[in-house]
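J.:
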Amino acid sequence: MPNDESTGFEFWESEDGRPKNATMLSENVVRDLNNLYASDLGQIRGACFMSKDEIKHFQWQRVTQIVSDAYKNVPFYRNLYQSVGFEPGDLTGWDAFQRLPIVRKEQLLDSGLESRINTRFKKEDLFFTRSSGSTGKVLRIAVDKDAILVDTLQGINQFHLQSGECYRTDHLLAHVYTVPWWFDNVAGDYQNAFISSLIDPDRIVSILNHLNPHIISCYPSHLAAILNVSSKLSKNLSLVVVHSEMSSKVQREGYSKQLGVPVLDEYSSEELTRIALEMPCGHYHVQEDAVLLEVLREEDWKPVGDGECGITVGTNLLNVAMPLIRYCQGDHVMLPARQEPCKNNWLQIESVEGRTNDSFISDKGHVIPAGTLLDASYRWMFDSGIQPYAFEMVQKSKDKIEVGLCCTDGLGDGQLETLSSTIHHHIGTLIGEHSQISVNITTQDFPRNKKYRPIRREF
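Numbering (this note's numbering), first residue to last: 511 to 969.
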């Protein structure tokens, strides 16, 4: 069913909605990925089957390299570590690592982009992405080429593991997401399709029935909206993976019953990449070749015990262009009372609690999931190239939306016009083109409390 809104395996909400500034990867980067695929996929597939001691040894080697490099070449970390009297030679064991300061998103935002980028890299050689904005604050993230290549192969391995090792080179993966993945195939294998999450659920179902993918990856709120249209999504479907929002095991089992295939969770973030995967064995396993995960008590930042709940703090083991070391992800995670026997030796966690936001109601009475609204916020920043410090969206009534943007340095008239036009396009498409959408700019962050939600419906 390709038409003027689709190109090959990419499906955008409209031709006008197709971003004009999407990055095209060079032939050299594609060649490097294909070479790494040929040489390293086997090793990546074996990472979770190493002994626990081998896994810890790998993580320690990686952590010491990243901390030392960050101290020498990243101004933010050099200043942070010097302020507490730490030097790389002090990193003599895990106890010393756990005394390093915990880093919060606000610190990184306040430090400025230049201070958190590794000076070994030229800015023009890096790739840029953003955190999802589920907290209302959006962090711009610089990623180096090697991190993207390894992350891509780890993505193949993710679906290999979650499918019970049944994911084949000729299988099609469909992402209902904000923007396409970096690569739509690897050396001609593992083709993946992109469907904009801003497309109406009826059309998404039609596209899926046209593509007949073997695996679908999407937000749980998107899956719920799609299933309200139809549970017949693909004759080849064998697995659905949900991510980026909180979903309960009961919800996923309900979706699985409707579809007749497993629906499993992926706990991930732009900052830390894949954090933990729900596997066919019934356990969540932390992806320990991509992230070092700590689950800590918030009151004293000490590790929680077995069977206890704590706050997630992670170290990204892939990205050295903008290191994230002991970064407070801020989600609540429950550890199991004991680690169950499993051939997968990555650390097990019991459950994941994310952040919740409200859905909106369109002028026709349709529910717009919070995940779709987050995607719209990502898109207006991506399309306009303008990065606010923080944002919030409040639906006052069915036809009235207030968008607040914190831009600490303000915006010029041209920037404001560009950003406002992009916001009106994406929100108007979702809520109704005759909706009243006001865009308010402030240089001060929004008042917050423990119940703060950046996406709120007030009726």
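From the three backbone atoms N, C-alpha and C, an ideal C-beta is built for every residue, glycine too.
May I have the straight-line CA-CA distance separating Ile576 from Glu597, to the nearest angstrom?
T.: Near 13 Å, if we compare the C-alpha coordinates of Glu597 and Ile576.
J.: Grab me the residues of Leu802's own chain with a C-beta within less than 7 Å of its C-beta, minus the 5 sequence neighbours each way, in chain order.
T.: Excluding positions up to five away in sequence, the list reads Gln569, Val573, Gly824, Thr825, Leu827.
J.: Mapping the DSSP letters down to three states, classify Val760 as helix, strand or coil.
T.: Helix, per DSSP.
J.: Are the CB atoms of Thr688 and Asp885 nearer to each other than 8 Å?
T.: Yes, the Cβ-Cβ distance between Thr688 and Asp885 is below 8 Å.
J.: If you compare alpha carbons, which of Asp873, Asn950, Pro790, Glu564 is closest to Gly938?
T.: That would be Asp873, whose Cα lies nearest to the Cα of Gly938.
J.: Which class does Thr953 belong to by DSSP, given the choice of helix, strand or coil?
T.: In this structure, Thr953 counts as coil in the three-state DSSP scheme.
J.: Please say whether Trp522 and Ser706 have beta carbons closer to each other than 8 Å?
T.: Against a cut-off of 8 Å, the Cβ pair of Trp522 and Ser706 comes out as a contact.
J.: Measure from the alpha carbon of Lys906 to the alpha carbon of each residue in Phe559, Asp923, Ile947, then state which is nearest.
T.: Here the closest residue by C-alpha is Ile947.
J.: Check this for me: beta carbons of Gln768 and Pro730, under 8 Å apart or not?
T.: Contact flag unset, no.
J.: Mind checking whether the beta-carbon of Glu525 lies closer than 7 Å to any heavy atom of the ligand MN?
T.: Absence of the ligand MN from the depicted structure is noted, as is the absence of any ligand whatsoever, leaving it without description.
J.: CA-CA distance, Pro957 and Asn950?
T.: Going by the C-alpha atoms only, they are around 15 Å apart.
J.: Leaving out five residues before and five after Leu663 in sequence, what residues of the same chain have Cβ atoms less than 7 Å from its Cβ?
T.: Same-chain partners within the cutoff: Leu546, Tyr547, Asp550, Leu551, Ile554.
J.: Contact between the stretch 577-592 and the stretch 802-818: three or more CB pairs below 8 Å?
T.: The stretch 577-592, when compared against the stretch 802-818, does not touch it at the 8 Å Cβ threshold.
J.: May I ask you to verify whether the stretch 924-940 touches the stretch 891-904, counting CB pairs closer than 8 Å and requiring at least 3?
T.: The stretch 924-940 is in contact with the stretch 891-904.
J.: Near Ser578, what residues of its chain come up, given a Cβ to Cβ distance below 7 Å and the 5 sequence neighbours on each side ignored?
T.: Result list for Ser578: Pro598, in chain order.
J.: For Lys655, count neighbouring Cβ atoms within 10 angstroms of its own Cβ and tell me buried if that reaches 16, exposed if not.
T.: Classification of Lys655: buried, given that the 10 Å Cβ count is 16 or more.
J.: By a C-beta neighbour count over all protein chains shown, 10 Å radius and 16 as the cutoff for buried, is Ala734 buried or exposed?
T.: Label assigned to Ala734: buried.
J.: Is it the case that the Cβ atoms of Met560 and Asn854 are separated by a distance below 8 Å?
T.: No, Cβ-Cβ distance for Met560 and Asn854 is not below 8 Å.
J.: Write down the C-beta distance between Thr952 and Gly914 rounded to the nearest angstrom, noting that I regard them as a contact closer than 8 Å.
T.: The pair is a contact, with the Cβ atoms about 7 Å apart (cut-off 8 Å).
J.: Report the CB separation of Ile835 from Val613 in whole angstroms; it is logged as a contact under 8 Å.
T.: Indeed they touch by this definition, with Cβ atoms about 7 Å apart.
J.: Could you check whether Met903 and Ile651 sit closer than 8 Å to each other, using their CB atoms as the reference points?
T.: Contact flag unset, no.
J.: I'd like the ranges of any alpha helix (DSSP H) spanning at least 4 consecutive residues and lying wholly in the stretch 836-904.
T.: Entirely contained in the stretch 836-904, the alpha helix (DSSP H) runs reaching 4 residues are, in chain order, 880-894.
J.: In terms of residue numbering, what span does the alpha helix (DSSP H) encompassing Arg541 cover?
T.: Here the alpha helix (DSSP H) through Arg541 covers 537-555.
J.: DSSP puts Asp775 in a beta bridge; with which residues?
T.: Partner(s): Val752.
J.: Classify Asp799 as buried or exposed, calling it buried when 16 or more other Cβ atoms lie within 10 Å of its own Cβ.
T.: Classification of Asp799: buried, given that the 10 Å Cβ count is 16 or more.
J.: Going straight from the alpha carbon of Thr517 to that of Arg713, what length do you get?
T.: With a pLDDT of 48 at Thr517, under the threshold of 50, the predicted position of this residue should be treated as unreliable, though the coordinate-derived value follows. Computed Cα separation, rounded: 16 Å.
J.: Name the DSSP bridge partner or partners of Cys916?
T.: Paired residue(s): Ala900, Thr952.
J.: The alpha helix (DSSP H) spanning Ile725 covers which residue range?
T.: No alpha helix (DSSP H) holds Ile725; the beta strand (DSSP E) holding it covers 725-728.
J.: Assess, as a yes-or-no matter, whether the stretch 689-696 is touched by the stretch 746-753 under the definition of 3 or more beta carbon pairs within less than 8 Å.
T.: Cβ pair count under 8 Å is below three, so no.
J.: Relative to the alpha-carbon of Gln672, which residue among Gly875, Met789, Gln954, Cys819 has its alpha-carbon at the smallest distance?
T.: Minimum Cα distance to Gln672 is reached at Met789.
J.: Check each candidate in Glu675, His670, Leu718 and name the one with the smallest Cα separation from His685.
T.: Measuring from the Cα of His685, the nearest candidate turns out to be Leu718.
J.: Beta-carbon within less than 7 Å of Phe870's beta-carbon, same chain only, minus the 5 sequence neighbours each way: which residues are those?
T.: Cβ within range, chain order: Ile878, Leu883, Gln905, Ile941, Arg967.
J.: Grouping DSSP H, G and I as helix and E and B as strand, with all else coil, what is Leu782?
T.: Three-state DSSP puts Leu782 in coil, outside helix and strand.
J.: Check whether the Cβ atoms of Glu850 and Gln839 lie closer than 8 Å to each other.
T.: Contact: no.
J.: Mind checking whether Asn544 and Ala697 have CB atoms under 8 Å apart?
T.: Contact flag set, yes.
J.: I believe Asp955 touches Tyr899 by the beta-carbon criterion, under 8 Å. Please report the beta-carbon distance rounded to the nearest angstrom.
T.: Between Tyr899 and Asp955 the Cβ distance is about 7 Å, and since that is below 8 Å, they are a contact.
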